[in-house]
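Residue numbers (UniProt numbering): 1 to 333. To start, the structure itself, in structure tokens.
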């Protein structure tokens with residue numbers, strides 16, 4: 001009896017001394033291997049270099065913007081005049097055009113991107129067709145923006161212009177479409193082109209998020225009597241909410257900074273109008289159009305000030321996305 005119980009006692013005493021970290025093979029961190037130590041330090045170095053480059057970019061832009069910051073202060077943000085001859089500059093029309101065109105792009109790209117991700121991740125279609133569709137959508141991201149701009153000028157705008165004229169004539173009592181004779185190059189066109197450009201980012205990341213959700217969640221939902229659409233809207237999308245928000249913010253970041261395609265279709269008119277059928281201007285567009293010929297001093301400073309504002313907008317969007325994900329996570333607990 002003693003001999004038979006002794007191994008069991010040894011095993012129990014040995015197991016009681018084991019913690020969770022003893023079963024985690026990555027807890028040691030490879031401290032005994034010089035190769036692992038070198039790789040860890042290399043990763044730390046790359047992380048430090050990334051932060052250093054970001055800080056250096058910020059410092060350079062801030063240094064170039066200092067003349068305009070000292071001259072105009074915060075009044076530059078709501079100034080509406082841009083007169084290079086008299087050295088009077090204001091950023092509000094460009095901020096407005098950037099935010100409105102990006103908002104239109106997100107308004108179109110998010111639902112369409114989620115729909116594409118659902119079709120290419122769920123078994124609505126045969127696997128070969130799902131893979132082909134996902135590849136074709138992602139292929140849009142490989143098209144240079146100037147090519148999309150040319151396509152918009154020669155193909156998309158002629159098709160869209162009659163629709164815009166119909167909107168202006170039928171719904172002119174709505175401020176969003178209150179334009180006498182829209183020409184096709186306006187904020188609405190720029191927003192739709194931006195939506196096309198950011199759609200691959202939104203769809204691809206959302207698809208990866210949905211495919212990473214365990215299949216057991218789908219099976220459990222349907223086993224409890226949920227339909228396919230109830231499973232999608234009450235289980236899959238809430239589960240992947242943080243990843244979908246990240247995809248939307250990454251897509252929005254590209255929309256805020258897109259230059260060539262927007263410059264070719266937005267009309268490049270520094271005005272603030274409630275109508276989406278009027279021309280507009282964005283911060284990247286004015287930087288592309290004027291920076292090469294800008295005179296040193298206040299003009300360069302004003303353009304750099306615009307770049308600093310764009311950097312701040314992008315940073316604020318990402319911070320807002322992180323706070324939104326955390327708030328929803330706390331609410332769902």
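C-beta: ideal position from N, C-alpha, C; glycine also.
- With contacts defined as CB atoms closer than 9 Å, residue 114 and residue 203 qualify as a contacting pair.
- Shown here, residue 88 sits in a strand according to DSSP, grouped into three states.
- Residue 282 is positioned such that its CB atom lies closer than 9 Å to that of residue 266.
- Boundaries cannot be given for residue 271, as no alpha helix (DSSP H) includes it and DSSP labels it neither H nor E.
- Contact check for residue 262 against residue 193 passes: the beta carbons are separated by less than 9 Å.
- Take the alpha-carbon of residue 258 and the one of residue 231: they are about 36 Å apart.
- If you look at residue 230, you'll find it in the alpha helix (DSSP H) that goes 228 to 231.
- For residue 39, the enclosing alpha helix (DSSP H) has its first and last residue at 34 to 72.
- Non-local beta-carbon contacts of residue 306 in its own chain, meaning distances under 7 Å to residues more than five positions away in sequence, involve 91, 94, 283, 286, 287 in chain order.
- Here residue 168 has 177, 179, 182, 277 as same chain residues with Cβ atoms under 6 Å from its own Cβ, once five neighbours each way along the sequence are excluded.
- Pairing residue 315 with residue 225, the inter-Cα distance amounts to about 43 Å.
- Taking 9 Å as the cut-off, the beta carbon of residue 207 is found closer than this to the beta carbon of residue 120.
- In this structure, the straight-line span from the alpha carbon of residue 311 to that of residue 219 is close to 44 Å.
- In this chain, the alpha helix (DSSP H) harbouring residue 127 covers 127 to 139.
- In the DSSP assignment, residue 329 is bridged to no other residue.
- In this model, residue 239 and residue 82 are separated by some 47 Å (Cα to Cα).
- For residue 173, the three-state secondary structure derived from DSSP is coil.
- Counting only residues of its own chain and dropping the five nearest sequence neighbours on each side, residue 191 has a CB closer than 6 Å to the CB of 101, 104, 105.
- Residue 64 has its alpha-carbon roughly 50 Å from the corresponding atom of residue 235.
- For the pair residue 244 and residue 109, the CB atoms are not nearer than the 9 Å cut-off.
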